[in-house]
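Novice: 236 is the number that my numbering gives to position 14 of the sequence shown; each next residue is one higher, with no gaps. In this text, a Cβ means the ideal position worked out from N, Cα and C, and glycines have one as well. Supplied in structure tokens, the structure appears directly below.
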Amino acid sequence: MIRRILYMTAIVALSSCCTKKNSSGVVAGSKPADIKQEIVAIDEEEPVGNSTFWGELLGRACKESTKENICLSPLSAQFAMAMVANGAEGETQKEIYSTMHLGDDINSHFRKLMDVPSEQSKLEIANSIWINEKLDVKEQFIATNKENFDALVERIKFDDHAVGRINGWCKENTNGRIPSIIDKVKADDMMYLINAIYFKAKWQEPFARHSTTKKKFTTEKGEEVEVDMMMQRSGAAYYKDEILAITSKSYNGRYSMLLVLPNEGVTCNQAARHLAENYSTYIKEMDRCDVMLSLPKFKTNFFTSLKPMLTEMGIKSAFSKNAQFGGISDKPLLISDVMQKTFISVDEEGTEAAAVTSVMVGLLSAARPDKVEIITFDRPFIYAIIDKYSNEVLFTGKVGDPTKE
């Protein structure tokens with residue numbers, strides 16, 4: 223049996239310096255479910271998880287990247303930045319909190335995510351802090367991250383041996399899927415804060431392999447390519463308006479994949495931004511009905527710098543000479559870049575994915591009618607892997623050409 227596994231790793235490097243019911247009230251061929259719980263748990267007053275952040279991030283990535291396929295890990299980025307925020311002060315901390323949508327009590331929030339029970343689907347989170355023996359770090363910063371993130375703290379000499387130890391930790395905590403995250407340490411590197419997330423899930427209702435057929439997919443460039451199109455009819459949540467159509471497919475346990483198909487003439491960039499602005503409303507208005515889903519198998523490898531996007535979204539001082547990280551050390555620090563590498567593969571049985579986020583800090587010098595809704599993802603679309611209870615988005619991305627990685 224094929225195992226479907228998703229892995230996420232985040233690193234922070236610090237340097238000195240449609241409802242159709244039958245008689246029983248249930249959609250024919252589907253299981254009874256509260257539609258809100260089927261997708262995500264809606265809080266009427268508070269923002270839904272990191273939905274605003276992931277939507278904004280994906281929208282900017284779709285706009286700025288020239289690649290057909292995009293894959294991001296909002297949750298991995300948030301974990302990394304949340305640990306850094308524990309040492310940020312003043313305007314720097316305020317900007318990180320606001321842009322990352324962390325809320326006022328980030329430690330309590332991430333503590334809860336760390337304690338999510340392992341069910342039919344598996345989510346394991348690990349954190350570590352690797353400190354250059356030359357750097358004096360404030361004990362309160364260490365204590366806070368130990369208490370709320372279960373962070374392993376190691377004070378070591380930053381040399382080639384350190385590279386091996388850090389990469390070894392990443393490999394161990396991602397079941398070998400992320401064997402390395404750094405290839406060398408620079409003279410000014412003083413600290414790495416690393417987050418690793420391990421996720422394993424299979425579809426609640428797997429696609430039948432015999433139903434997968436060759437179909438045409440129109441890419442963002444307007445070219446037709448042949449893809450392996452998976453097909454399935456089942457009871458599912460569904461919504462459609464003048465901008466996009468949305469459905470959801472559940473994994474075993476508490477996770478689901480939200481699938482967003484922009485209408486003809488609407489770009490993924492436009493749909494992502496629209497989704498970010500109206501996410502909570504969309505989820506509340508989704509109805510359960512019979513859905514004929516056609517989804518291509520796809521695989522994506524993606525690498526990008528998040529710095530331009532995070533800067534545009536509001537994190538400015540952290541990347542500048544005005545950075546305030548006095549809660550970490552008395553030495554002046556600033557973030558020099560935020561890099562992310564990701565991988566995702568989706569097929570009939572489930573999902574396998576991996577992500578690495580590297581935040582580096584350098585020296586501070588200068589309901590539906592009686593019909594089956596049909597949704598065919600035969601043109602560029604958006605996806606997101608969501609925790610239905612905490613509302614967190616683990617992975618999100620765009621598929622512009624399923625034949626390319």
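Confirm, please, whether the CB-CB distance from residue 292 to residue 519 is below 7 Å.
Specialist: Locating residue 519 in the sequence shown gives position 297, where the first residue counts as 1. Locating residue 292 in the sequence shown gives position 70, where the first residue counts as 1. No, these two residues do not count as a Cβ contact at 7 Å.
Novice: Measuring CB to CB, does residue 348 end up less than 7 Å from residue 418?
Specialist: In the sequence shown, counting from the first residue as 1, residue 348 sits at position 126. In the sequence shown, counting from the first residue as 1, residue 418 sits at position 196. Yes, they are a contact pair.
Novice: Residue 352 bridges to which residues according to DSSP?
Specialist: In the sequence shown, the residue the question calls residue 352 occupies position 130. According to DSSP, residue 352 bridges with 376, 414.
Novice: Enumerated in chain order, which unbroken segments of the alpha helix (DSSP H) with a length of 4 residues or greater are wholly contained in the region 482-539?
Specialist: 490-507, 529-535
Novice: Since I believe residue 426 is in contact with residue 367 (beta carbons under 8 Å), could you give me their beta-carbon distance rounded to a whole number of angstroms?
Specialist: Along the sequence shown, one-based indexing puts residue 367 at 145. Along the sequence shown, one-based indexing puts residue 426 at 204. Going by Cβ atoms, the distance from residue 367 to residue 426 rounds to 35 Å, so no, they are not a contact pair.
Novice: What is the rounded straight-line gap between the Cα of residue 610 and the Cα of residue 618?
Specialist: Looking up residue 610 in the sequence shown gives position 388. Looking up residue 618 in the sequence shown gives position 396. Going from the Cα of residue 610 to the Cα of residue 618 covers about 15 Å.
Novice: Compute the distance between the beta-carbons of residue 344 and residue 422, then report whether it is under 7 Å.
Specialist: Counted from its first residue, the sequence shown places residue 344 at position 122. Counted from its first residue, the sequence shown places residue 422 at position 200. A contact, by the Cβ cut-off of 7 Å.
Novice: In three-state DSSP terms, what is residue 394?
Specialist: Locating residue 394 in the sequence shown gives position 172, counting from the first residue. Three-state DSSP puts residue 394 in a helix.
Novice: Distance check for residue 605 and residue 454, CA to CA, integer angstroms please.
Specialist: Taking the sequence shown and counting its residues from 1, the one referred to as residue 454 is at position 232. Taking the sequence shown and counting its residues from 1, the one referred to as residue 605 is at position 383. Near 17 Å, if we compare the C-alpha coordinates of residue 605 and residue 454.
Novice: Excluding the 5 residues preceding and the 5 following residue 253 in the sequence, name in chain order all residues of the same chain whose CB lies nearer than 8 Å to its CB.
Specialist: Along the sequence shown, one-based indexing puts residue 253 at 31. Model confidence at residue 253 stands at a pLDDT of 39, short of 50, so the residue's coordinates are unreliable; what they give is reported in the following sentence. So the qualifying residues of the chain are 457.
Novice: Pop quiz: residue 290 and residue 626 are said to be a contact at Cβ under 8 Å. What is the actual Cβ separation, rounded to whole angstroms?
Specialist: If you number the sequence shown from 1, residue 290 lands on position 68. If you number the sequence shown from 1, residue 626 lands on position 404. Yes, residue 290 and residue 626 are in contact; Cβ-Cβ is about 6 Å, under 8 Å.
Novice: Indicate the three-state DSSP secondary structure (helix, strand or coil) for residue 357 in the structure shown.
Specialist: As a working note, residue 357 is residue 135 in the sequence shown. Of the three classes helix, strand and coil, the one that applies to residue 357 here is coil, per DSSP.
Novice: Could you pull the DSSP bridge partners for residue 276 from this structure?
Specialist: On the sequence shown, residue 276 is found 54 positions in, with the first residue counted as 1. Note: residue 276 sits in no beta bridge, so no partner.
Novice: By a C-beta neighbour count over all protein chains shown, 10 Å radius and 16 as the cutoff for buried, is residue 411 buried or exposed?
Specialist: Position 189 of the sequence shown holds residue 411. With 16 or more Cβ atoms within 10 Å of its Cβ, residue 411 is classed as buried.
Novice: At a cut of 8 Å, does the region 377-391 reach the region 502-517 through at least three beta carbon pairs?
Specialist: no
Novice: With DSSP as the reference, label residue 326 as helix, strand or coil.
Specialist: Mapped onto the sequence shown, residue 326 falls at position 104. Residue state, collapsed to three classes: coil.
Novice: From the DSSP output, in three-state form, read off residue 454 for me.
Specialist: As a working mapping, residue 454 is identified with position 232 in the sequence shown. Note: residue 454 maps to strand in three-state DSSP.
Novice: Quick one: what's got a C-beta closer than 7 Å to residue 317's C-beta in the same chain, skipping five residues either side?
Specialist: Here residue 317 is taken as the residue at index 95 of the sequence shown, counted from 1. The beta carbon of residue 317 sits closer than 7 Å to the beta carbons of 536, 537, 538, 539, 540 from its chain, once the five residues preceding and following it are set aside; these are given in chain order.
Novice: Quick check on DSSP: helix, strand or coil for residue 575?
Specialist: Against the sequence shown, residue 575 aligns to sequence position 353. Per DSSP, reduced to three states, the secondary structure at residue 575 is strand.
Novice: Is it right to say residue 401 is buried, meaning 16 or more other beta carbons lie within 10 angstroms of its own, or is it exposed?
Specialist: As a working mapping, residue 401 is identified with position 179 in the sequence shown. An exposed status is given to residue 401, since fewer than 16 other beta-carbon atoms sit within 10 Å of its beta-carbon.
Novice: Applying the criterion that 16 or more other CB atoms from any shown protein chain within 10 Å of the CB defines a buried residue, is residue 391 buried or exposed?
Specialist: For the purposes of this step, residue 391 is taken as the residue at position 169 of the sequence shown. By the neighbour-count rule (16 or more Cβ atoms within 10 Å), residue 391 is buried.
Novice: Between residue 424 and the rest of its own chain, which residues show a CB-CB distance below 7 Å, the 5 nearest in sequence each way excluded?
Specialist: For this step, residue 424 is matched to residue 202 along the sequence shown. Same-chain partners within the cutoff: 226, 473, 474, 571, 572.
Novice: For residue 562, name the three-state secondary structure that DSSP assigns.
Specialist: In the sequence shown, residue 562 corresponds to position 340, counting from 1. It is a strand residue.
Novice: Does DSSP classify residue 446 as helix, strand or coil?
Specialist: Counting from one through the sequence shown, the residue named residue 446 turns up at place 224. The three-state reading of DSSP puts residue 446 in strand, counting E and B together.
Novice: Cβ of residue 555 within 7 Å of Cβ of residue 547?
Specialist: As a first step, residue 555 must be located in the sequence shown, where it is residue number 333. As a first step, residue 547 must be located in the sequence shown, where it is residue number 325. Their beta carbons are under 7 Å apart, which means residue 555 touches residue 547 by this criterion.
Novice: Below 7 Å CB to CB, which residues in the same chain sit around residue 527 once its five sequence neighbours on both sides are set aside?
Specialist: By one-based count along the sequence shown, residue 527 stands at place 305. Counting only Cβ-Cβ distances below 7 Å, and skipping sequence neighbours, we find 559, 560, 561.
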